[in-house]
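Asks: Per the UniProt record's numbering, residue 1 is the first one in the sequence shown, and the count goes up by one each step.
The following block contains the structure, expressed as structure tokens.
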Amino acid sequence: MLELVAAFICLTTLLTYVNFRFIGLPPTIGVMVTALLFSLLLQGLSYLGFPGLEEHVEELIGKIDFGDLLMNWMLSFLLFAGALHVNLKDLRSYRWPIGLLATVGVLIATFVIGSLAYWIFGLFGWHVSFLYCLLFGALISPTDPIAVLGVLRTANASKPLKTTIVGESLFNDGTAVVVFTVLLGIAQLGETPTVAATAWLFVHEAIGGVLFGGLIGYLVYLMIKSIEQHQIEVMLTLALVIGGSAMASEIHVSAPIAMVVAGLIIGNLGRNLAMNDMTRRYLDGFWELLDDMLNALLFALIGLELLLLPFNWLHLAAASLLAVAIVLSRLLTVAPAILLLRRWRSVPRGTIRVLTWGGLRGGVSVALALALPLGPERDLVLSITYIVVLSSILLQGLSIGRLVRHVTQDAPVAKAQAH
Numbered sequence: 001m002l003e004l005v006a007a008f009i010c011l012t013t014l015l016t017y018v019n020f021r022f023i024g025l026p027p028t029i030g031v032m033v034t035a036l037l038f039s040l041l042l043q044g045l046s047y048l049g050f051p052g053l054e055e056h057v058e059e060l061i062g063k064i065d066f067g068d069l070l071m072n073w074m075l076s077f078l079l080f081a082g083a084l085h086v087n088l089k090d091l092r093s094y095r096w097p098i099g100l101l102a103t104v105g106v107l108i109a110t111f112v113i114g115s116l117a118y119w120i121f122g123l124f125g126w127h128v129s130f131l132y133c134l135l136f137g138a139l140i141s142p143t144d145p146i147a148v149l150g151v152l153r154t155a156n157a158s159k160p161l162k163t164t165i166v167g168e169s170l171f172n173d174g175t176a177v178v179v180f181t182v183l184l185g186i187a188q189l190g191e192t193p194t195v196a197a198t199a200w201l202f203v204h205e206a207i208g209g210v211l212f213g214g215l216i217g218y219l220v221y222l223m224i225k226s227i228e229q230h231q232i233e234v235m236l237t238l239a240l241v242i243g244g245s246a247m248a249s250e251i252h253v254s255a256p257i258a259m260v261v262a263g264l265i266i267g268n269l270g271r272n273l274a275m276n277d278m279t280r281r282y283l284d285g286f287w288e289l290l291d292d293m294l295n296a297l298l299f300a301l302i303g304l305e306l307l308l309l310p311f312n313w314l315h316l317a318a319a320s321l322l323a324v325a326i327v328l329s330r331l332l333t334v335a336p337a338i339l340l341l342r343r344w345r346s347v348p349r350g351t352i353r354v355l356t357w358g359g360l361r362g363g364v365s366v367a368l369a370l371a372l373p374l375g376p377e378r379d380l381v382l383s384i385t386y387i388v389v390l391s392s393i394l395l396q397g398l399s400i401g402r403l404v405r406h407v408t409q410d411a412p413v414a415k416a417q418a419h
């Protein structure tokens, strides 16, 4: 196991260096692109008479449980690191669009994407049950917080846009996981749970995650407030994420949601009321470094997964149609929420465009697809999910910054014209 970890970290570091030195793409996307090129290079070498190399790398990657690694560990670290820098006051100001998009938006997207997937799969002659198509809709509907945070870090987005996109992406995973879990239970048991059972599952997972995250976050805040030693204070935040994630898993509440809430508490109460300037610098430096390293590892793994999945041109064609359908479903969920919000408060021009195009899909969707039971439907959904995630990160991720800058430049013009 130690050799596997060492090999993967060294390979990711090399890919990160190659991107920074020669390619120059945004860090997370660049690492994934170099990993994809590395995967294609290995496949090319296997055709040229070096078959052992590709098989050896495939064997190493196959030992990594991507779903467990991301959902139970990496996601908690990355969400905590992201929440540390979110202003709670700003989040409260935009709670309605965030709440609507992270709950109702996920439910609408699940049904719309599932229905379109059922029709598109039928076009290609694949007999996939409607329930499995809804499972695909649930796993692909959440926007990925890791990809979104990585892209927005380099885009000069306005505060309302940035707060809404980040807030939604931090919280909609919990809703999507609950919907996915209910649908998966129906698929495995063959029976539909009652409304009461579904509501209890949501309360236990999502609301339980909020309460648990608030409890452990506040306890660690009190501990940080009682001392003035930056090394110990940073260690407390690290223990909060590691121990809190393990405890959340044991009591069956959402660890990602718990870490978001805990991160908001430490990043707001802890930063403003319990830390001196030195502790803030050490805390920010530590979590920014950890965030960058884990992002690099995650996106390198997404790129290398190409070696393990079966693809053909039909998969690529179907995934292209579904990628368009997913963007349209995103528009259907975003537009009503923002238009409704405009009745009570001003909304920056271009918000609908940015929120629609900024709904990147990422590692969370791949991890949920890997959790599907083995079978031909699972292989198809996993391959389609992987292609959709790649296209989302590459096409939307590389262009969202340009769209944000375009909208930001247009805003003053629109304001002047209005007057």
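Cβ coordinates follow ideal geometry from the N, Cα and C atoms, glycine included.
Being a predicted model, the structure only gives us computed values, none of them experimental.
1. Assuming PRO310 and SER383 form a contact by the criterion Cβ under 8 Å, report the distance between their Cβ atoms to the nearest whole angstrom.
2. Please classify ALA418: is it buried, with 16 or more other beta-carbons within 10 angstroms of its beta-carbon, or exposed?
3. Let me check understanding here. Comparing Cα to Cα, which of PRO373, LEU398, PHE111, ARG353 lies closest to LEU189?
4. Measure how close the beta-carbons of ALA102 and PHE171 come, nearest whole angstrom, since I'm counting them as under 8 Å.
5. Could you name each continuous alpha helix (DSSP H) segment of 4 residues or more that falls completely within the region 68–149, going from the start of the chain to the end?
6. Let me confirm a value: GLU233 is counted as buried when at least 16 other C-beta atoms fall within 10 Å, else exposed. Which label applies?
7. For my contact list, LEU360 and GLY397 are in at a C-beta cut-off of 8 Å; report their separation, rounded to the angstrom.
8. Below 6 Å CB to CB, which residues in the same chain sit around PRO160 once its five sequence neighbours on both sides are set aside?
9. Measure the Cβ-Cβ separation of PRO142 and ALA176 and say whether it is below 8 Å.
10. For THR110, which residues of its own chain have a beta-carbon under 7 Å away from its beta-carbon, when the five flanking residues on both sides are left out?
11. If PHE66 and GLU305 are in contact, beta carbons under 8 Å, what's the gap, nearest whole angstrom?
12. According to the Cβ coordinates, are LEU314 and PHE124 closer than 8 Å?
13. Do the region 234–254 and the region 274–290 meet, that is, are 3 or more Cβ pairs less than 8 Å apart?
14. What does the Cβ neighbour count give for ASN276, buried or exposed, with the cut at 16 atoms within 10 Å?
15. Hey, could you find the ends of the alpha helix (DSSP H) SER39 is sitting in?
16. Which of the three DSSP states is assigned to HIS313 in this structure?
17. ILE227 by DSSP, collapsed to three states: which one?
Replies: Let me spell this out:
1. For the purposes of this step, residue 310 is taken as residue 310 along the sequence shown, with counting starting at 1. For the purposes of this step, residue 383 is taken as residue 383 along the sequence shown, with counting starting at 1. 6 Å between Cβ atoms; contact.
2. Counted from its first residue, the sequence shown places residue 418 at position 418. Note that ALA418 has pLDDT 36, beneath the 50 cutoff, so the model's placement of it is unreliable and no number is given.
3. Numbered from 1 along the sequence shown, position 189 holds the residue referred to as residue 189. Checked all of PRO373, LEU398, PHE111, ARG353; the closest Cα to LEU189 is PRO373.
4. Stepping through the sequence shown from its first residue, residue 102 is reached at position 102. Stepping through the sequence shown from its first residue, residue 171 is reached at position 171. Cβ-Cβ separation between ALA102 and PHE171: approximately 4 Å, consistent with a contact (criterion under 8 Å).
5. 75–83, 88–93, 95–102, 104–123, 130–140
6. The sequence position of residue 233 within the sequence shown is 233, counting from 1. It is buried - the Cβ of GLU233 has at least 16 other Cβ atoms within 10 Å.
7. Translated into positions along the sequence shown, residue 360 becomes position 360. Translated into positions along the sequence shown, residue 397 becomes position 397. That belief holds up - the Cβ atoms of LEU360 and GLY397 are roughly 6 Å apart, short of 8 Å.
8. Counting from 1 along the sequence shown, the entry for residue 160 is found at position 160. Answer for PRO160: PRO348, listed in chain order.
9. The residue you call residue 142 lines up with position 142 of the sequence shown. The residue you call residue 176 lines up with position 176 of the sequence shown. Yes, the pair counts as a contact, with Cβ atoms nearer than the cut-off.
10. For the purposes of this step, residue 110 is identified with residue 110 of the sequence shown, where counting begins at 1. Same-chain partners within the cutoff: LEU134, GLY137, ALA138, SER141, VAL179.
11. Here the question's residue 66 lines up with position 66 in the sequence shown. Here the question's residue 305 lines up with position 305 in the sequence shown. Right, their Cβ atoms sit about 7 Å apart.
12. The residue labelled residue 314 in the question sits at position 314 within the sequence shown. The residue labelled residue 124 in the question sits at position 124 within the sequence shown. For LEU314 and PHE124, yes; Cβs fall inside 8 Å.
13. yes
14. Mapped onto the sequence shown, residue 276 falls at position 276. Exposed is the call here.
15. Position 39 of the sequence shown, counted from the first residue, corresponds to residue 39. Taken as a continuous stretch (DSSP letters only), the alpha helix (DSSP H) holding SER39 covers 27–47.
16. Mapped onto the sequence shown, residue 313 falls at position 313. The amino acid at residue 313 is misidentified as His; the sequence shows Trp. Helix.
17. Residue 227 sits at position 227 when you count from the first residue of the sequence shown. Correct three-state label for ILE227: coil.
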